[in-house]
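Take a look at the structure below.
There are 2 protein chains.
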Amino acid sequence: MVDVAALAGVSVKTVSRVVNNAPYVQPEVAQRVLAAVAELGFRRNHLASSLRSGQATATIGLLIEEIANPFYATIAGAVAEVASEHDTMLLIASSEENPAREQQLLRDLCARQVDGLLVVPAGDDHAFLCSEVERGTPAVFLDRPAGGLPADTVLLDNRGGANAGVRQLVELGHRRVGILLDSTAIYTMRERLAGARDALTAAGLADDRLIRYGIRDPETAARVVGELLDEPEPPSAFFALNNRISLGAVEELHRRGSDAALLGFDDFDLSRLLPYPFTVVAYDTRTLARTAAELLFRRIQGDRSAPRDLLIPTELVDRGLPRR
Amino acid sequence: MVDVAALAGVSVKTVSRVVNNAPYVQPEVAQRVLAAVAELGFRRNHLASSLRSGQATATIGLLIEEIANPFYATIAGAVAEVASEHDTMLLIASSEENPAREQQLLRDLCARQVDGLLVVPAGDDHAFLCSEVERGTPAVFLDRPAGGLPADTVLLDNRGGANAGVRQLVELGHRRVGILLDSTAIYTMRERLAGARDALTAAGLADDRLIRYGIRDPETAARVVGELLDEPEPPSAFFALNNRISLGAVEELHRRGSDAALLGFDDFDLSRLLPYPFTVVAYDTRTLARTAAELLFRRIQGDRSAPRDLLIPTELVDRGLPRR
DNA sequence: TCCCAGGCTGACAACGTTGTCAGATCCTCG
DNA sequence: CGAGGATCTGACAACGTTGTCAGCCTGGGA
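Shown next as structure tokens:
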């Protein structure tokens with residue numbers, strides 16, 4: 001900038017004014033400066049700029065579990081879109097479901113003076129963010145609630161969606177519903193399970209022996225479905241609590257030519273091409289992410305109202321559920 | 001930092017030494033400083049730090065077309081992994097296939113003093129990056145070549161993969177191969193088409209009337225496949241140049257109960273569940289991205305050797321190709 | 001005894017930018 | 001013709017940190 005100023009025969013302050021197109025610069029002086037900028041290939045140092053002028057790095061931090069996962073990729077895409085509408089860049093970090101790493105990364109993002117944080121939490125204690133938030137770095141949590149920190153939260157209606165889906169199974173006459181899930185250590189699994197249980201309990205059909213935990217991949221899901229079907233009193237319907245599990249269930253049911261009803265949580269792209277009909281509790285991931293991002297930008301722009309908890313609705317997409 | 005220094009009764013420089021755990025600080029002084037840091041909730045300002053100490057923002061920029069697209073999400077994931085191994089954060093921007101936006105975003109990333117750039121180019125002229133590169137911000141291009149800029153490039157073996165796949169079709173006795181692609185404005189499409197044509201020409205089977213352009217979505221692909229099959233002399237095999245096109249082709253061939261051979265470029269997750277057998281020219285997106293990222297970090301660490309062009313091999317994954 | 005090396009500390013300037021303020025010029029209006 | 005505002009410009013300090021350097025102390029060897 002000093003060089004540009006020298007070449008244009010003005011002060012650095014005037015160069016600053018020109019590159020920020022501030023008012024009160026004579027057009028011909030501005031021309032000279034711009035010529036010098038072009039000649040020297042000058043580019044303003046954004047770091048120095050935001051260091052001097054207080055905050056506003058025009059950057060937000062997004063913390064997710066893993067970028068390559070389509071769910072998080074969709075979130076990242078929607079957030080990037082909203083960020084771009086606000087001329088803001090996106091710093092992305094992956095916690096890999098590791099709370100210690102999450103904490104480390106969030107601290108690092110704050111150290112980089114991001115204007116705000118969007119977090120899909122991995123750990124369950126975020127008290128360490130309190131001081132940052134108080135100091136003016138707003139944080140919005142999505143998909144899972146924050147722990148130990150009053151902050152905005154945007155969640156899916158996991159419980160309501162699961163409840164509606166299972167109620168539908170019950171209405172179709174199913175009396176034994178196999179429930180397949182990963183770990184109850186995961187917030188979304190707990191909520192979906194609770195919703196399903198509520199529906200079954202209301203119908204007097206709750207039976208914990210039909211709940212299978214710890215299913216992490218399609219292969220395990222397929223095996224567990226097989227085991228349940230081989231029991232003396234097999235379920236006539238299955239509820240898969242996420243889409244990896246749904247996938248395995250589809251494979252096994254198809255392989256056996258079963259006529260069991262299959263309900264899944266989470267839609268996925270190719271579901272209409274799959275060889276077994278199944279109905280899903282669907283939701284719009286982009287809406288989840290956009291809602292959270294828009295809330296964050298309202299905070300960044302100075303909204304200091306009380307933390308909000310928003311719920312994104314789910315929808316039952318019926319692609320065929322056999323009656324019992 | 002001034003406050004921490006005051007509270008600990010030392011100079012700011014000593015605080016700086018402690019937070020950077022530099023040598024030559026008495027353990028008990030360091031203790032006092034750390035206590036003050038904890039009490040005040042001090043966090044080092046990474047902006048100021050990298051402004052003062054020259055470069056090394058420990059941040060790289062990744063420019064892709066669209067984060068939500070699984071191909072780019074996989075790239076982003078692999079890049080994030082390599083970045084994390086180098087204690088570096090990732091600034092992600094989406095060009096949305098718009099060259100003007102690409103240029104704007106790349107400039108912005110440079111202004112943010114990233115240590116390096118990873119670019120999946122949208123435009124075909126990147127001469128404007130020359131000055132940045134000369135000034136020491138290395139750039140590595142992946143999936144598509146850079147234009148007007150000598151820079152490292154990591155590409156897929158599009159031509160070789162397409163060639164091998166089509167040669168296989170020819171060996172199985174197919175004489176009429178329908179080729180389905182998006183626009184030849186896209187580098188990868190041009191290369192794949194060239195590879196396919198080479199194989200057909202070598203066998204004396206080239207027939208441009210069987211090439212269909214401008215296919216952007218599965219629906220169009222399905223329609224075009226139908227049209228080709230309805231011709232008096234229909235193809236006995238199809239080559240779909242990307243996976244959106246493959247998907248439409250699968251649907252239509254399945255719907256008609258056709259026995260045509262289907263070859264696709266790009267594998268995808270659920271392909272083994274699809275209702276029609278098809279063989280793909282597959283590649284490892286993660287390898288593509290990791291290779292590029294690792295090359296970038298070598299550059300960042302000071303490797304000044306001549307720009308390299310790397311080719312990531314493809315593999316023919318046979319899931320069934322009917323003979324003619 | 002002195003000297004010097006090594007450990008430890010702080011004052012100061014600087015990174016590249018912009019906010020503040022004061023000064024200079026020009027125009028307009030009373 | 002003068003006052004006062006609008007327009008334009010630059011000197012200077014400051015943002016939060018770290019590199020440089022000088023200085024202090026302690027201990028050990030000559």
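Taken in order, these protein sequences are the chains called A and Z. Numbered per UniProt numbering, the first sequence spans residues 1 to 324. Numbered per UniProt numbering, the second sequence spans residues 1 to 324. Note that beta-carbon positions come from the ideal geometry of N, C-alpha and C, so glycine has one too. The structure displayed is predicted, hence computed values, not measured ones.
Counting only Cβ-Cβ distances below 7 Å, Z:I67 has contacts in chain A at A73, A76, G77, A80, in chain order. Beyond the five residues adjoining it in sequence on each side, A:A76 comes within less than 7 Å, by CB distance, of L62, I64, I67, I92 in the same chain, given in chain order.
Listed in chain order, the non-local C-beta contacts of Z:I300 below 7 Å within the same chain comprise D115, G116, P138, local neighbours out to five positions each way being set aside. From the beta-carbon of A:L274, the residues of chain Z found nearer than 9 Å are L270, L273, L274, P275. Per DSSP, Z:V119 is one residue of the beta strand (DSSP E) stretching across 116-119. Note: A:V280 is bridge-paired with A:G264, A:V317 in the DSSP secondary-structure output.
Rounded to the nearest angstrom, the gap between the Cα atoms of Z:Q103 and Z:A221 is 32 Å.
Within chain A, the C-beta atoms nearer than 8 Å to that of Z:Q113 come from N45, H46, L47, in chain order. Using a Cβ-Cβ cut-off of 8 Å, A:D125 does not count as an interface residue toward chain Z, since no Cβ of chain Z sits closer than that to its own.
Z:A93 reaches chain A at A80, S84, M89, L90, counting residues in chain order whose Cβ is nearer than 9 Å. Per DSSP, Z:I179 is one residue of the beta strand (DSSP E) stretching across 177-180.
Within the stretch 133-193 of chain A, the complete beta strand (DSSP E) segments of 3 residues or longer fall at 139-142, 152-156, 177-180, listed in chain order. According to the DSSP assignment, A:A127 belongs to no alpha helix (DSSP H), since it is labelled neither H nor E. In the DSSP annotation of this structure, the continuous segment of the alpha helix (DSSP H) that includes Z:I245 starts and ends at 243-256. Around A:G41, the beta-carbon contacts reaching into chain Z at under 7 Å are S131. Separation of the CB atoms of Z:D143 and Z:V120 is rounded to 5 Å, and the pair is thereby assigned contact status at 8 Å. Residues of the stretch 50-65 of chain Z with a C-beta less than 8 Å from any C-beta of chain A: S50, L51, T57, T59, listed in chain order.
Taking 8 Å as the cut-off, the beta carbon of Z:T291 is found no closer than this to the beta carbon of Z:V317. For the pair Z:F265 and Z:R159, the CB atoms are not nearer than the 8 Å cut-off.
Under the three-state reduction of DSSP output, Z:G77 falls in the helix class. Under the DSSP assignment, Z:G226 falls in the alpha helix (DSSP H) whose first and last residues are 218-229. Looking at A:R324, A:L47, A:L210, the one whose alpha-carbon comes closest to that of A:D259 is A:R324. The beta carbon of A:D152 sits no closer than 8 Å to any beta carbon of chain Z. For Z:I92, the enclosing beta strand (DSSP E) stretches over residues 89-94. Secondary structure at Z:D208: helix, using DSSP grouped into helix, strand and coil. In this structure, the alpha-carbon of Z:M189 lies about 23 Å from that of Z:L229. Taken atom to atom, the span from the alpha-carbon of Z:A249 to that of Z:T153 is near 32 Å. With fewer than 16 neighbouring CB atoms inside 10 Å of its own CB, A:A306 falls in the exposed class. Counting only runs that start and end inside the UniProt domain "HTH lacI-type" (1-53) of chain A, the alpha helix (DSSP H) elements of at least 4 residues fall at 2-8, 12-19, 27-40, 46-52.
For Z:P307, no chain A residue has a C-beta closer than 7 Å to its own C-beta; the minimum C-beta separation is roughly 20 Å. Interface residue (Cβ-Cβ distance to chain A less than 8 Å): Z:D208 is not classified as such. If you ignore the 5 residues before and after A:A127, its C-beta comes within less than 8 Å of the C-beta of G147, G148, L149, all in its own chain and listed in chain order.
Z:P138 has a beta carbon lying at 8 Å or more from every beta carbon in chain A. Neighbours of A:R107 in chain Z, taken as residues at a C-beta separation under 9 Å, are given in chain order as R43. Of all residues in the stretch 240-252 of chain Z, only L247, V250, E251 come within less than 9 Å of chain A when Cβ atoms are compared, listed by chain position. If you check the CB distance, A:C110 and Z:R43 come in under 8 Å.
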